[in-house]
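S.K.: Residues 133 to 777 (my numbering) make up the sequence shown, in order.
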Amino acid sequence: MAFPHLFHPARIRGLAVRNRIIGAPMERNYCTANGRVTQRYVDYLAARARGGAGLIYTEATYVDPRGKGRVHQMGLHDDDLVPDLARLVEAVHREGGAVGPELNYGGRVVQPWVSGLESRAPSVVPYAGAGGYAPRALDRGEIEQIVARFADAARRAARAGCDFIGIHGAHGYLLSQFLSPWCNRRDDEYGGDLSGRMRFPLAVVAAVREAVGSGLPILYRISGEERMEGGLSLADVCAFAPHLVAAGVDLIDVSAGMYETNWWITQPMEMPQGVLAPLAREVRQHASVPVSVSGRISDPSVAEHLIESGACDFVTLGRALHADPEFPAKARDGRAAQICACIACNQGCSDLHARGLPIICLVNSTTGREREYAIRPASPARRIVVVGGGPAGLEAARVLALRGHKVKLYERDGEPGGQMLLSRYAPGREEFAGHPAWLAGAAARAGVEVVLGVEADAGRVLADRPETVVVATGSRPGLPAIPGVEEAPLVDPCEILRRPAAGVARALVIGGGIRGIAVARVLAERGAETILVESARELATDIATRSRRFQLQSLEENARISIHSGTTVERLGPRSAELWNGERRWSVDGIDLVAATSSMLPIDDLVSALIALAPGLEVHVVGDAAEPRTALEAIHDAAALGHRL
Numbered sequence: 133m134a135f136p137h138l139f140h141p142a143r144i145r146g147l148a149v150r151n152r153i154i155g156a157p158m159e160r161n162y163c164t165a166n167g168r169v170t171q172r173y174v175d176y177l178a179a180r181a182r183g184g185a186g187l188i189y190t191e192a193t194y195v196d197p198r199g200k201g202r203v204h205q206m207g208l209h210d211d212d213l214v215p216d217l218a219r220l221v222e223a224v225h226r227e228g229g230a231v232g233p234e235l236n237y238g239g240r241v242v243q244p245w246v247s248g249l250e251s252r253a254p255s256v257v258p259y260a261g262a263g264g265y266a267p268r269a270l271d272r273g274e275i276e277q278i279v280a281r282f283a284d285a286a287r288r289a290a291r292a293g294c295d296f297i298g299i300h301g302a303h304g305y306l307l308s309q310f311l312s313p314w315c316n317r318r319d320d321e322y323g324g325d326l327s328g329r330m331r332f333p334l335a336v337v338a339a340v341r342e343a344v345g346s347g348l349p350i351l352y353r354i355s356g357e358e359r360m361e362g363g364l365s366l367a368d369v370c371a372f373a374p375h376l377v378a379a380g381v382d383l384i385d386v387s388a389g390m391y392e393t394n395w396w397i398t399q400p401m402e403m404p405q406g407v408l409a410p411l412a413r414e415v416r417q418h419a420s421v422p423v424s425v426s427g428r429i430s431d432p433s434v435a436e437h438l439i440e441s442g443a444c445d446f447v448t449l450g451r452a453l454h455a456d457p458e459f460p461a462k463a464r465d466g467r468a469a470q471i472c473a474c475i476a477c478n479q480g481c482s483d484l485h486a487r488g489l490p491i492i493c494l495v496n497s498t499t500g501r502e503r504e505y506a507i508r509p510a511s512p513a514r515r516i517v518v519v520g521g522g523p524a525g526l527e528a529a530r531v532l533a534l535r536g537h538k539v540k541l542y543e544r545d546g547e548p549g550g551q552m553l554l555s556r557y558a559p560g561r562e563e564f565a566g567h568p569a570w571l572a573g574a575a576a577r578a579g580v581e582v583v584l585g586v587e588a589d590a591g592r593v594l595a596d597r598p599e600t601v602v603v604a605t606g607s608r609p610g611l612p613a614i615p616g617v618e619e620a621p622l623v624d625p626c627e628i629l630r631r632p633a634a635g636v637a638r639a640l641v642i643g644g645g646i647r648g649i650a651v652a653r654v655l656a657e658r659g660a661e662t663i664l665v666e667s668a669r670e671l672a673t674d675i676a677t678r679s680r681r682f683q684l685q686s687l688e689e690n691a692r693i694s695i696h697s698g699t700t701v702e703r704l705g706p707r708s709a710e711l712w713n714g715e716r717r718w719s720v721d722g723i724d725l726v727a728a729t730s731s732m733l734p735i736d737d738l739v740s741a742l743i744a745l746a747p748g749l750e751v752h753v754v755g756d757a758a759e760p761r762t763a764l765e766a767i768h769d770a771a772a773l774g775h776r777l
């Protein structure tokens, strides 16, 4: 077996676990507005159980409406919710999995416009993301009521047939708020030193243990550090761990962060894999029960190393299983190279979740649509030519071939991937470039004939006598509508990333999206004084919020880059530019290079050529060739077409 530690069976209390992989409690926005499980949720978790995960959490599940954080969050606050949860449990059990909820109460981070009620917390410490509303401090009676709500929800989970009970004591929710000296300013028996601050979470654990008896394991999730000045420290967590065990906890699941430091909760690609392992390793020294760790673990080799090295006993995988539910089975069976790896882009998951939308996945178009996008044989099968081997073309070809169509794909470059491959040269974004290799391999395994290094014009396409053509030829930089642009030393930003530009002392980069930021950073690394201009007030709005923080920080720390947001380029000359920010107008001289990164145009010439030569031919346009946009949108556009034809 390739990963013997990862796939060694275990026991948690009386529960036999087939391996050391725990599916993390990601919130998914798949439930109804009253917290009820839907068929979409059942299909999603059943797929992860079928893929071989040892244990699977549902998600942060509110035990009281006042603690509800999301409109479509799962709830266990009412007996009426038990039958649908039981249906989910049965589906997971049919696939050989074990499942349980993660009981939660939001506290100070609850948005009153979501819960419909005033938020309650240990102390009056507002959270900006909740509109700045100040929560009301809980009194002793209310604290006891919430303890009872956790116990009631645990009983409901047990009645639904759940295999374990998870308790959410991490990420700045109510239990974590009581434990944190930053959130807990109380001067009664529930505040003060650690012994007071841990009183409430320990009462919750004890009540849950009493409610479910000695049979069901209890898993407790905790932030090993909040990474907030004055917040919960690793030393406090290590001192707390033995008390959790004494109260009835059977596994401690180590995460990190709170809402004010949310990049530690859902780490972007700018952070390394296994980043939380040092926290788990230290907690494990103070706990007599198994310890699991989360935090960007998307490679089975990393997971194996963490367990083998003694950092943890289990690994908690969220986005890795979201991206590929078969991650465990592929790793176990020697097919690790076929894993559709999470690239931590956070675009389809955490960013959509924060907007209240059902989460999907950039790298796996089937995620969250397991029933809708189940592969159904095409009737009749057709001869289809796909032109363009970027992410949209590869995804369309892959799905079409899986459905039985005879698919041939042309890519003019010697390597598939299109503009996604440019991420290789974008600091901090390198993992983005890994997905095209998976797409190309998956397309080949599906039976797609891939032709590289050939630019397919209309004649070549028609020579294949296709019944359908999919045009996925991507986009190219366009000229911005700036007076004097024709005289400026304009250089294709893609070429700047691909090839070193010699003799550039001063450069102007127009556009503060991720492409502009990458070009600016690369030019600055090569020694150029770089002026980055963005007409909007904010930069990097086209990437996930957690990544944005790291990209902006890198820009601000680079002395060679000057940032001008809320600024327009009014005129360009052979070596000059006139800038305006609404308050002043000034000129910049001595410019050796101008990169316009915000204007992209679809490459769709092939469409009109095909229609002119074969008016009756069925032609579809996907990805940037239809409209330049994000890789997430391009891939899902292509997948929808693949399932429709």
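Glycine included, C-beta positions come from ideal geometry on N, C-alpha and C.
Classify R577 as helix, strand or coil using the three-state DSSP reduction.
M.R.: On the sequence shown, position 445 is the one that residue 577 refers to. Note: R577 maps to helix in three-state DSSP.
S.K.: For the region 279-365, list the beta strand (DSSP E) runs that are entirely contained and at least 3 residues long, ordered along the chain.
M.R.: Counting only runs of 3 or more, we get 297-301, 350-355.
S.K.: Hey, which unbroken runs of the beta strand (DSSP E) at 3 residues or more fall wholly within the region 473-542?
M.R.: If we require 3 residues or more, the beta strand (DSSP E) runs fully inside the region 473-542 come out as 515-519.
S.K.: Where does the unbroken alpha helix (DSSP H) through P591 begin, and where does it stop?
M.R.: By one-based count along the sequence shown, residue 591 stands at place 459. Reading off the sequence, residue 591 comes out as Gly, not Pro. Where G591 is concerned, the enclosing alpha helix (DSSP H) stretches over 590-595.
S.K.: In terms of DSSP beta bridges, what is Y131 paired with?
M.R.: Given a span of 133 to 777 for the chain in the structure shown, any question on residue 131 remains unanswerable.
S.K.: Whose C-alpha, out of I278, Q417, A652, R252, is nearest the C-alpha of R268?
M.R.: In the sequence shown, counting from the first residue as 1, residue 268 sits at position 136. Nearest option by C-alpha distance: R252.
S.K.: Can you tell which of R416, H300, I492, A650 has its C-alpha closest to the C-alpha of E562?
M.R.: To locate residue 562, count along the sequence shown from 1; it is residue 430. It is A650 whose Cα lies nearest to the Cα of E562.
S.K.: Would you grab the beta carbon distance between F446 and P410 for me? Rounded to a whole angstrom, and I think it's under 8 Å.
M.R.: Within the sequence shown, residue 446 is the residue found at index 314, counting from 1. Within the sequence shown, residue 410 is the residue found at index 278, counting from 1. Actually they do not touch by this definition, with Cβ atoms about 17 Å apart.
S.K.: Residue range of the beta strand (DSSP E) that D385 falls in?
M.R.: Walking along the sequence shown from the start, residue 385 turns up at place 253. Looking at the DSSP string, the run of the beta strand (DSSP E) that includes D385 is 383-387.
S.K.: Buried or exposed: I646, going by 16 or more other Cβ atoms within 10 Å of its Cβ?
M.R.: By 1-based counting over the sequence shown, the position of residue 646 is 514. With 16 or more Cβ atoms within 10 Å of its Cβ, I646 is classed as buried.
S.K.: Using DSSP bridges, identify the partner residues of A142.
M.R.: What you label residue 142 is simply residue 10 of the sequence shown in a count that begins at 1. Beta-bridge pairing links A142 to V149.
S.K.: Going by the beta-carbon positions, is the gap between T190 and P136 smaller than 8 Å?
M.R.: Counting from 1 along the sequence shown, the entry for residue 190 is found at position 58. Counting from 1 along the sequence shown, the entry for residue 136 is found at position 4. Contact flag unset, no.
S.K.: Within 10 angstroms of the Cβ of N236, are there 16 or more other Cβ atoms? Answer buried if so, exposed if not.
M.R.: Position 104 of the sequence shown, counted from the first residue, corresponds to residue 236. Looking at its Cβ environment, which holds 16 or more other Cβ atoms inside 10 Å, N236 is buried.
S.K.: Across which residues does DSSP place L733 in a beta bridge pair?
M.R.: As a first step, residue 733 is located in the sequence shown; it is residue number 601 there, counting from the start. Note: L733 sits in a beta bridge opposite R608.
S.K.: Closest by CA to A285, which one among G356, M206, P568, G239?
M.R.: Residue numbering aside, residue 285 sits at position 153 when the sequence shown is read from its first letter. It is M206 whose Cα lies nearest to the Cα of A285.
S.K.: Residue ranges of each alpha helix (DSSP H) run of no fewer than 4 residues wholly in the region 417-446, ordered along the chain?
M.R.: Taking only runs of at least 4 residues, the alpha helix (DSSP H) segments lying wholly in the region 417-446 are 432-440.
S.K.: Apart from the five residues just before and just after G480, which ones in its own chain have a Cβ nearer than 7 Å to its Cβ?
M.R.: To locate residue 480, count along the sequence shown from 1; it is residue 348. Within the same chain, G480 has close Cβ partners I491, I492, C493, L494, L764.
S.K.: Are the CB atoms of L554 and L629 nearer to each other than 8 Å?
M.R.: Here residue 554 is taken as the residue at index 422 of the sequence shown, counted from 1. Here residue 629 is taken as the residue at index 497 of the sequence shown, counted from 1. Closer than 8 Å, so yes.
S.K.: On the criterion of 16 or more Cβ atoms from any shown chain inside 10 Å, does D325 qualify as buried, or is it exposed?
M.R.: Numbered from 1 along the sequence shown, position 193 holds the residue referred to as residue 325. Flag for D325 reads exposed.
S.K.: As a quick exercise: from Y265, L249, G248, pick the residue whose alpha carbon is nearest that of V256.
M.R.: Mapped onto the sequence shown, residue 256 falls at position 124. Comparing Cα positions, the closest option is Y265.
S.K.: Nearest-angstrom Cα distance between V381 and A292?
M.R.: The residue given as residue 381 occupies position 249 in the sequence shown. The residue given as residue 292 occupies position 160 in the sequence shown. If I take the Cα positions, the gap works out to 21 Å.
S.K.: If you draw a straight line from the alpha carbon of H454 to that of I299, how long is it in whole angstroms?
M.R.: Translated into the one-based positions of the sequence shown, residue 454 becomes position 322. Translated into the one-based positions of the sequence shown, residue 299 becomes position 167. Going by the C-alpha atoms only, they are around 21 Å apart.
S.K.: Would the beta-carbon of A672 fall within 8 Å of that of T662?
M.R.: As a working note, residue 672 is residue 540 in the sequence shown. As a working note, residue 662 is residue 530 in the sequence shown. Their beta carbons are not under 8 Å apart, which means A672 does not touch T662 by this criterion.
S.K.: Could you compute how far the alpha carbon of S667 sits from the alpha carbon of L249?
M.R.: By 1-based counting over the sequence shown, the position of residue 667 is 535. By 1-based counting over the sequence shown, the position of residue 249 is 117. So the two alpha carbons sit approximately 40 Å from each other.
S.K.: From this set, L306, I188, L777, which residue's C-alpha is nearest P460's C-alpha?
M.R.: In the sequence shown, the residue the question calls residue 460 occupies position 328. For the residues L306, I188, L777, the minimum Cα distance to P460 belongs to I188.
S.K.: Starting from the C-beta of V598, find all residues in its chain whose C-beta is less than 7 Å away, skip the five residues before and the five after it, and write them out in chain order.
M.R.: As a position in the sequence shown, residue 598 is number 466, starting the count at 1. One detail in the question is off: residue 598 reads as Pro in this sequence, not Val. Excluding residues within five positions, the ones whose Cβ falls inside 7 Å are R515, I516, V517.
S.K.: Thinking C-beta only, is V583 closer than 8 Å to K538?
M.R.: Within the sequence shown, residue 538 is the residue found at index 406, counting from 1. Within the sequence shown, residue 583 is the residue found at index 451, counting from 1. No, they are not a contact pair.
S.K.: For A230, does the three-state DSSP call read helix, strand or coil?
M.R.: Taking the sequence shown and counting its residues from 1, the one referred to as residue 230 is at position 98. Reduced to three states, the DSSP call for A230 is strand.
S.K.: Between V753, R150, H140, which has its C-alpha nearest L524's C-alpha?
M.R.: Translated into positions along the sequence shown, residue 524 becomes position 392. With the sequence shown as reference, residue 524 is identified as Ala, and Leu is not the correct amino acid for it. The candidate whose alpha carbon is nearest that of A524 is V753.
S.K.: Terminal residues of the continuous alpha helix (DSSP H) containing R630?
M.R.: As a first step, residue 630 is located in the sequence shown; it is residue number 498 there, counting from the start. Start and end: 625-630.
S.K.: Assuming G232 contacts G199 (C-beta within less than 8 Å), just tell me the rounded distance between them.
M.R.: Sequence index remark: in the sequence shown, residue 232 carries index 100 (1-based). Sequence index remark: in the sequence shown, residue 199 carries index 67 (1-based). G232 to G199, Cβ: 18 Å. No contact.
S.K.: Beta-carbon within less than 7 Å of V654's beta-carbon, same chain only, minus the 5 sequence neighbours each way: which residues are those?
M.R.: As a first step, residue 654 is located in the sequence shown; it is residue number 522 there, counting from the start. Contacts found: Y557, I628, L629.
S.K.: Can P400 and N496 be called in contact, C-beta distance under 8 Å?
M.R.: On the sequence shown, residue 400 is found 268 positions in, with the first residue counted as 1. On the sequence shown, residue 496 is found 364 positions in, with the first residue counted as 1. Their beta carbons are not under 8 Å apart, which means P400 does not touch N496 by this criterion.
S.K.: From which residue to which residue does the alpha helix (DSSP H) around I767 run?
M.R.: By one-based count along the sequence shown, residue 767 stands at place 635. Taken as a continuous stretch (DSSP letters only), the alpha helix (DSSP H) holding I767 covers 763-776.
S.K.: Using only the alpha-carbon positions, how far apart do Q262 and R487 sit?
M.R.: Counting from one through the sequence shown, the residue named residue 262 turns up at place 130. Counting from one through the sequence shown, the residue named residue 487 turns up at place 355. The residue asked about is misnamed: residue 262 is Ala in this sequence, not Gln. Each residue's Cα considered, the two are about 13 Å apart.
S.K.: Any heavy atom of the ligand MN closer than 7 Å to the Cβ of L553?
M.R.: Judged by which ligands are present, the structure shown has none, so any question about the ligand MN falls away.
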